[in-house]
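Report on the following structure.
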Amino acid sequence: PPPLPPPSAMLTSRGPALCTALRRAAPGGLAAFHSSARRYRGARVAVVLSGCGVYDGTEIHEASAVLVHLSRGGAEVQMYAPDVPQMHVIDHSKGQPAEAESRNVLVESARIARGKIASLAKLTTADHDAVIFPGGFGAAKNLSTFAVDGKDCKVNREVERVLKDFHKAGKPIGLCCISPVLAAKVLSGAEVTVGHEEEEGGKWPYAGTAGAIKELGAKHCVKEVTISFPGSICCVFLNSFYEAHVDTKNKVVTTPAFMCETALHHIFDGIGAMVKNVLKLTGK
1 PPPLPPPSAM LTSRGPALCT ALRRAAPGGL AAFHSSARRY RGARVAVVLS
51 GCGVYDGTEI HEASAVLVHL SRGGAEVQMY APDVPQMHVI DHSKGQPAEA
101 ESRNVLVESA RIARGKIASL AKLTTADHDA VIFPGGFGAA KNLSTFAVDG
151 KDCKVNREVE RVLKDFHKAG KPIGLCCISP VLAAKVLSGA EVTVGHEEEE
201 GGKWPYAGTA GAIKELGAKH CVKEVTISFP GSICCVFLNS FYEAHVDTKN
251 KVVTTPAFMC ETALHHIFDG IGAMVKNVLK LTGK
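Following this line, the structure appears as C-alpha coordinates:
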(Lines of atoms letter the chains of each structure in order from A and count residues from 1; the text may use other names and numbers.)
(Lines give C-alpha, C1' and ligand atoms only; values in the text may rest on other atoms or scores of the structure.)
Protein backbone atom coordinates (compact mmCIF):
# COMPACT_ATOMS: atom_id res chain seq x y z
CA PRO A 1 0.00 0.00 0.00
CA PRO A 2 1.18 3.56 -0.60
CA PRO A 3 2.75 5.31 2.40
CA LEU A 4 0.55 7.57 4.51
CA PRO A 5 1.11 11.30 4.02
CA PRO A 6 2.65 13.23 6.92
CA PRO A 7 0.20 14.55 9.57
CA SER A 8 0.62 18.12 8.36
CA ALA A 9 -0.46 17.13 4.86
CA MET A 10 -3.41 15.14 6.21
CA LEU A 11 -4.46 18.14 8.27
CA THR A 12 -4.26 20.48 5.29
CA SER A 13 -6.26 18.10 3.13
CA ARG A 14 -9.18 18.38 5.53
CA GLY A 15 -9.64 21.97 4.51
CA PRO A 16 -7.89 25.32 4.96
CA ALA A 17 -10.45 26.56 7.49
CA LEU A 18 -9.92 23.62 9.85
CA CYS A 19 -6.17 23.86 9.46
CA THR A 20 -6.20 27.57 10.31
CA ALA A 21 -8.47 27.05 13.32
CA LEU A 22 -6.25 24.32 14.74
CA ARG A 23 -3.09 26.35 14.32
CA ARG A 24 -4.61 29.39 15.97
CA ALA A 25 -5.90 27.34 18.89
CA ALA A 26 -2.63 25.45 19.34
CA PRO A 27 0.30 27.44 17.90
CA GLY A 28 2.67 25.02 19.62
CA GLY A 29 1.25 22.01 17.76
CA LEU A 30 -1.47 19.46 18.46
CA ALA A 31 0.27 18.33 21.66
CA ALA A 32 -0.79 21.64 23.14
CA PHE A 33 -4.37 20.36 23.25
CA HIS A 34 -3.31 17.89 25.93
CA SER A 35 -4.28 19.56 29.21
CA SER A 36 -1.03 18.56 30.90
CA ALA A 37 1.41 18.76 27.99
CA ARG A 38 4.88 19.70 29.15
CA ARG A 39 5.31 23.42 29.49
CA TYR A 40 6.97 24.03 32.83
CA ARG A 41 10.25 22.13 32.76
CA GLY A 42 12.52 21.88 35.70
CA ALA A 43 10.21 22.74 38.62
CA ARG A 44 11.27 20.83 41.74
CA VAL A 45 8.10 19.82 43.59
CA ALA A 46 7.71 18.18 46.99
CA VAL A 47 4.64 15.99 47.51
CA VAL A 48 3.61 15.42 51.13
CA LEU A 49 1.77 12.17 51.87
CA SER A 50 -0.20 11.18 54.97
CA GLY A 51 -0.28 7.39 54.82
CA CYS A 52 -1.81 4.96 52.32
CA GLY A 53 -5.58 4.64 51.97
CA VAL A 54 -8.43 7.12 51.90
CA TYR A 55 -9.86 6.50 55.39
CA ASP A 56 -6.65 6.69 57.40
CA GLY A 57 -4.04 8.10 55.02
CA THR A 58 -3.52 9.57 51.55
CA GLU A 59 -6.28 9.13 48.95
CA ILE A 60 -4.37 6.94 46.49
CA HIS A 61 -6.19 8.07 43.33
CA GLU A 62 -5.48 11.70 44.21
CA ALA A 63 -1.80 11.01 44.91
CA SER A 64 -1.50 9.18 41.59
CA ALA A 65 -3.22 12.02 39.74
CA VAL A 66 -0.86 14.56 41.29
CA LEU A 67 2.17 12.48 40.30
CA VAL A 68 0.98 11.87 36.74
CA HIS A 69 0.27 15.54 36.11
CA LEU A 70 3.60 16.57 37.64
CA SER A 71 5.36 14.07 35.41
CA ARG A 72 3.60 15.41 32.32
CA GLY A 73 4.49 18.91 33.44
CA GLY A 74 8.18 18.02 33.48
CA ALA A 75 8.59 18.44 37.24
CA GLU A 76 11.19 16.76 39.41
CA VAL A 77 9.34 15.15 42.32
CA GLN A 78 10.39 14.11 45.81
CA MET A 79 7.87 12.62 48.23
CA TYR A 80 7.81 13.15 51.98
CA ALA A 81 5.75 12.10 54.98
CA PRO A 82 5.97 12.70 58.72
CA ASP A 83 7.65 9.90 60.67
CA VAL A 84 4.82 9.56 63.21
CA PRO A 85 2.20 6.95 64.17
CA GLN A 86 -1.15 7.07 62.40
CA MET A 87 -4.09 8.26 64.46
CA HIS A 88 -5.60 4.81 63.90
CA VAL A 89 -5.84 2.09 61.26
CA ILE A 90 -9.02 1.55 59.25
CA ASP A 91 -9.96 -1.79 57.72
CA HIS A 92 -10.92 -0.44 54.30
CA SER A 93 -12.96 -3.54 53.46
CA LYS A 94 -15.26 -2.83 56.40
CA GLY A 95 -14.81 0.91 56.95
CA GLN A 96 -14.12 0.22 60.61
CA PRO A 97 -11.11 0.72 62.91
CA ALA A 98 -8.73 -2.22 63.26
CA GLU A 99 -8.32 -1.92 67.00
CA ALA A 100 -5.28 -4.19 67.39
CA GLU A 101 -3.20 -2.51 64.65
CA SER A 102 -0.85 0.47 64.61
CA ARG A 103 1.03 1.84 61.62
CA ASN A 104 3.58 4.53 60.84
CA VAL A 105 2.68 7.34 58.42
CA LEU A 106 6.10 7.39 56.72
CA VAL A 107 6.21 3.60 56.34
CA GLU A 108 2.70 3.47 54.88
CA SER A 109 3.32 6.41 52.55
CA ALA A 110 6.35 4.58 51.14
CA ARG A 111 3.88 2.19 49.48
CA ILE A 112 2.65 4.99 47.22
CA ALA A 113 6.16 6.38 46.70
CA ARG A 114 7.51 2.96 45.67
CA GLY A 115 9.99 3.30 48.51
CA LYS A 116 11.43 6.62 47.34
CA ILE A 117 10.41 8.82 50.23
CA ALA A 118 11.99 10.89 52.98
CA SER A 119 10.96 12.11 56.41
CA LEU A 120 9.08 15.39 56.30
CA ALA A 121 11.69 16.80 58.71
CA LYS A 122 14.11 16.85 55.75
CA LEU A 123 11.90 18.96 53.49
CA THR A 124 13.25 22.49 52.93
CA THR A 125 12.27 25.35 50.64
CA ALA A 126 15.85 25.56 49.41
CA ASP A 127 15.46 22.22 47.63
CA HIS A 128 12.03 22.77 46.08
CA ASP A 129 10.05 25.28 44.03
CA ALA A 130 6.61 24.16 45.25
CA VAL A 131 4.86 21.75 47.59
CA ILE A 132 1.63 19.77 47.06
CA PHE A 133 -0.57 17.99 49.60
CA PRO A 134 -2.94 15.34 48.18
CA GLY A 135 -6.11 14.63 50.14
CA GLY A 136 -7.48 11.68 52.03
CA PHE A 137 -8.49 11.48 55.69
CA GLY A 138 -4.81 11.26 56.61
CA ALA A 139 -4.60 15.02 56.12
CA ALA A 140 -7.27 15.43 58.80
CA LYS A 141 -6.04 12.61 61.06
CA ASN A 142 -2.26 12.35 60.69
CA LEU A 143 -1.17 15.76 59.38
CA SER A 144 -3.61 17.49 61.72
CA THR A 145 -6.35 16.71 64.24
CA PHE A 146 -9.09 18.26 62.10
CA ALA A 147 -11.08 15.01 61.92
CA VAL A 148 -11.48 15.09 65.71
CA ASP A 149 -11.21 18.73 66.69
CA GLY A 150 -12.56 20.65 63.69
CA LYS A 151 -11.79 24.35 63.83
CA ASP A 152 -9.88 23.83 67.08
CA CYS A 153 -7.49 21.40 65.46
CA LYS A 154 -3.73 21.30 65.76
CA VAL A 155 -1.43 20.82 62.78
CA ASN A 156 1.59 18.52 62.85
CA ARG A 157 4.65 20.59 63.73
CA GLU A 158 6.57 19.71 60.54
CA VAL A 159 3.53 20.29 58.34
CA GLU A 160 3.05 23.72 59.90
CA ARG A 161 6.73 24.52 59.40
CA VAL A 162 6.62 23.51 55.73
CA LEU A 163 3.49 25.55 55.01
CA LYS A 164 4.89 28.64 56.72
CA ASP A 165 8.32 28.28 55.09
CA PHE A 166 6.95 27.95 51.56
CA HIS A 167 4.54 30.82 52.15
CA LYS A 168 7.29 33.04 53.48
CA ALA A 169 9.52 32.15 50.52
CA GLY A 170 6.73 33.05 48.09
CA LYS A 171 6.66 29.53 46.67
CA PRO A 172 3.36 27.94 45.60
CA ILE A 173 1.40 25.46 47.71
CA GLY A 174 -1.10 23.05 46.15
CA LEU A 175 -3.79 21.19 48.10
CA CYS A 176 -6.81 19.10 47.17
CA CYS A 177 -9.80 17.40 48.76
CA ILE A 178 -9.71 17.86 52.57
CA SER A 179 -6.10 19.08 52.74
CA PRO A 180 -6.97 22.78 52.14
CA VAL A 181 -7.96 22.86 55.84
CA LEU A 182 -4.22 22.77 56.59
CA ALA A 183 -3.65 26.05 54.76
CA ALA A 184 -6.80 27.52 56.30
CA LYS A 185 -5.48 26.77 59.78
CA VAL A 186 -1.85 27.81 59.27
CA LEU A 187 -1.96 30.66 56.75
CA SER A 188 -4.07 33.52 58.05
CA GLY A 189 -6.52 34.88 55.50
CA ALA A 190 -5.80 32.28 52.83
CA GLU A 191 -8.39 31.63 50.12
CA VAL A 192 -9.20 27.95 49.50
CA THR A 193 -11.91 25.71 48.12
CA VAL A 194 -13.28 22.35 49.16
CA GLY A 195 -16.11 22.66 46.63
CA HIS A 196 -19.66 23.57 47.64
CA GLU A 197 -21.13 24.70 50.95
CA GLU A 198 -24.30 22.58 50.81
CA GLU A 199 -24.56 18.80 50.44
CA GLU A 200 -27.01 19.07 47.53
CA GLY A 201 -28.55 15.64 47.94
CA GLY A 202 -25.28 13.89 48.71
CA LYS A 203 -23.23 15.22 45.81
CA TRP A 204 -21.05 17.14 48.28
CA PRO A 205 -21.06 14.90 51.40
CA TYR A 206 -18.35 16.88 53.20
CA ALA A 207 -19.81 20.34 52.53
CA GLY A 208 -19.71 21.18 56.23
CA THR A 209 -15.92 21.53 55.91
CA ALA A 210 -16.48 24.88 54.18
CA GLY A 211 -18.05 26.28 57.36
CA ALA A 212 -15.10 25.13 59.46
CA ILE A 213 -12.73 26.80 57.01
CA LYS A 214 -14.55 30.09 57.51
CA GLU A 215 -14.36 29.66 61.28
CA LEU A 216 -10.61 29.22 60.94
CA GLY A 217 -10.45 32.72 59.46
CA ALA A 218 -9.88 31.68 55.86
CA LYS A 219 -12.02 32.58 52.86
CA HIS A 220 -13.90 29.71 51.26
CA CYS A 221 -14.53 29.99 47.52
CA VAL A 222 -17.24 27.82 45.99
CA LYS A 223 -15.86 25.83 43.07
CA GLU A 224 -16.86 22.87 40.95
CA VAL A 225 -14.70 19.88 40.11
CA THR A 226 -15.74 20.39 36.51
CA ILE A 227 -18.08 22.67 34.59
CA SER A 228 -19.65 21.06 31.52
CA PHE A 229 -20.93 22.96 28.51
CA PRO A 230 -23.50 21.94 25.90
CA GLY A 231 -21.87 20.66 22.73
CA SER A 232 -23.55 23.39 20.71
CA ILE A 233 -21.75 26.02 22.74
CA CYS A 234 -18.31 24.45 22.87
CA CYS A 235 -15.85 23.91 20.10
CA VAL A 236 -14.97 20.32 19.21
CA PHE A 237 -11.91 20.36 21.46
CA LEU A 238 -13.58 21.47 24.70
CA ASN A 239 -16.68 20.18 26.42
CA SER A 240 -15.73 20.79 30.05
CA PHE A 241 -13.64 23.09 32.20
CA TYR A 242 -11.82 21.85 35.28
CA GLU A 243 -11.65 24.16 38.25
CA ALA A 244 -8.98 25.06 40.74
CA HIS A 245 -8.96 28.15 42.92
CA VAL A 246 -5.82 30.24 42.77
CA ASP A 247 -5.12 32.55 45.70
CA THR A 248 -2.59 34.71 43.88
CA LYS A 249 -1.66 36.73 46.96
CA ASN A 250 -0.68 33.71 49.02
CA LYS A 251 0.19 31.42 46.08
CA VAL A 252 -2.17 28.75 47.36
CA VAL A 253 -3.92 26.57 44.75
CA THR A 254 -6.79 24.26 45.72
CA THR A 255 -9.34 21.97 44.05
CA PRO A 256 -12.22 19.90 45.53
CA ALA A 257 -11.31 16.44 44.16
CA PHE A 258 -13.10 13.70 46.16
CA MET A 259 -15.00 16.18 48.30
CA CYS A 260 -17.47 15.71 45.43
CA GLU A 261 -19.21 12.48 44.44
CA THR A 262 -18.35 12.43 40.75
CA ALA A 263 -16.61 10.34 38.11
CA LEU A 264 -12.94 9.50 38.64
CA HIS A 265 -11.80 11.12 35.41
CA HIS A 266 -13.29 14.43 36.58
CA ILE A 267 -11.30 14.14 39.82
CA PHE A 268 -8.16 13.38 37.82
CA ASP A 269 -8.55 16.37 35.52
CA GLY A 270 -9.56 18.73 38.33
CA ILE A 271 -6.32 17.84 40.08
CA GLY A 272 -4.58 18.47 36.78
CA ALA A 273 -5.87 22.03 36.84
CA MET A 274 -4.44 22.47 40.35
CA VAL A 275 -1.06 21.04 39.36
CA LYS A 276 -0.92 23.15 36.21
CA ASN A 277 -1.51 26.33 38.20
CA VAL A 278 1.06 25.36 40.83
CA LEU A 279 3.67 24.79 38.12
CA LYS A 280 2.74 28.07 36.45
CA LEU A 281 3.29 29.94 39.71
CA THR A 282 6.80 28.52 40.01
CA GLY A 283 7.78 30.43 36.88
CA LYS A 284 9.78 27.45 35.63
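All residue numbers for the sequence shown refer to full-length UniProt numbering, where the first residue is 1 and numbers rise by one. Glycine included, each C-beta is placed from N, C-alpha and C at the ideal position.
Identified DSSP bridge partners for ALA207: Looking at the DSSP assignment, ALA207 forms no beta bridge with any residue, so it has no partner.
N-terminal and C-terminal residue of the alpha helix (DSSP H) that ASP129 is part of: Counting along the chain, ASP129 falls outside any alpha helix (DSSP H), and DSSP gives it neither H nor E.
Bridge partner(s) assigned by DSSP for GLU155: According to the sequence as given, residue 155 is Val; it is not Glu. As computed with DSSP, VAL155 is found in a beta bridge with SER144.
Three-state class that DSSP yields for MET259 in the structure shown: helix
Sequence-distant residues of the same chain with beta carbon closer than 7 Å to VAL66, five excluded per side: VAL47, ILE132, PRO134, ILE271 and VAL275
Cβ pair ALA130, VAL278 closer than 8 Å: yes
Three-state class that DSSP yields for PHE137 in the structure shown: coil
Residues of its chain near HIS220, where Cβ-Cβ distance is below 6 Å and the 5 sequence neighbours each way are ignored: ALA210, ILE213 and LYS214
Closest residue to ALA244 among ALA169, LYS203, GLY195 and GLU59 (Cα-Cα distance): GLY195
Residue nearest to LEU175 in terms of C-alpha spacing, selected from LEU143, LYS154 and GLU200: LEU143
Straight-line Cα distance separating LEU187 from ALA126: Rounded to the nearest angstrom, the two C-alpha atoms are 20 Å apart.
Where the beta strand (DSSP E) through ALA273 begins and ends: No beta strand (DSSP E) contains ALA273, which is instead part of the alpha helix (DSSP H) from 264 to 282.
Length of the line joining the Cα atoms of VAL89 and ARG103: One C-alpha to the other measures close to 7 Å.
Residues that DSSP places opposite THR226 in a beta bridge: TYR242
8 Å Cβ cutoff met for PHE137 and ASP56: yes
DSSP three-state assignment for GLU167, whether helix, strand or coil: Contrary to the premise, residue 167 reads as His rather than Glu in this sequence. Three-state DSSP puts HIS167 in a helix.
ASP149 versus GLY74, LYS171 and VAL181, residue with shortest Cα-Cα distance: VAL181
Host alpha helix (DSSP H) of ILE60 (start-end): 60 to 72
Bridge-paired residues (DSSP) for CYS176: THR255
GLU99, DSSP secondary structure in three states: coil
C-beta contact flag for ALA105 and VAL84 at 8 Å: Note that residue 105 corresponds to Val in the displayed sequence, not to Ala. Against a cut-off of 8 Å, the Cβ pair of VAL84 and VAL105 comes out as a contact.
Buried versus exposed, by CB contacts within 10 Å (16 or more), GLY202: exposed
DSSP three-state assignment for LYS185, whether helix, strand or coil: helix
Host alpha helix (DSSP H) of SER109 (start-end): 105 to 112
LYS116 in three-state terms, based on DSSP: LYS116 falls in the coil class under three-state DSSP.
Of the residues THR255, GLU101 and CYS52, the one placed nearest ALA81, counting alpha carbons only: CYS52
Spatial neighbours of PHE258 in its chain, beta-carbon cut-off 7 Å, leaving aside the 5 residues before and after: GLU59, GLU62, GLY135, CYS177 and ILE267
For GLU76, three-class secondary structure by DSSP: strand
Of the listed residues GLN86, ILE173, LYS249 and PRO205, nearest to HIS128 (C-alpha basis): ILE173
CA nearest to the CA of ASN250, picked from ALA98, ASP165 and CYS260: ASP165
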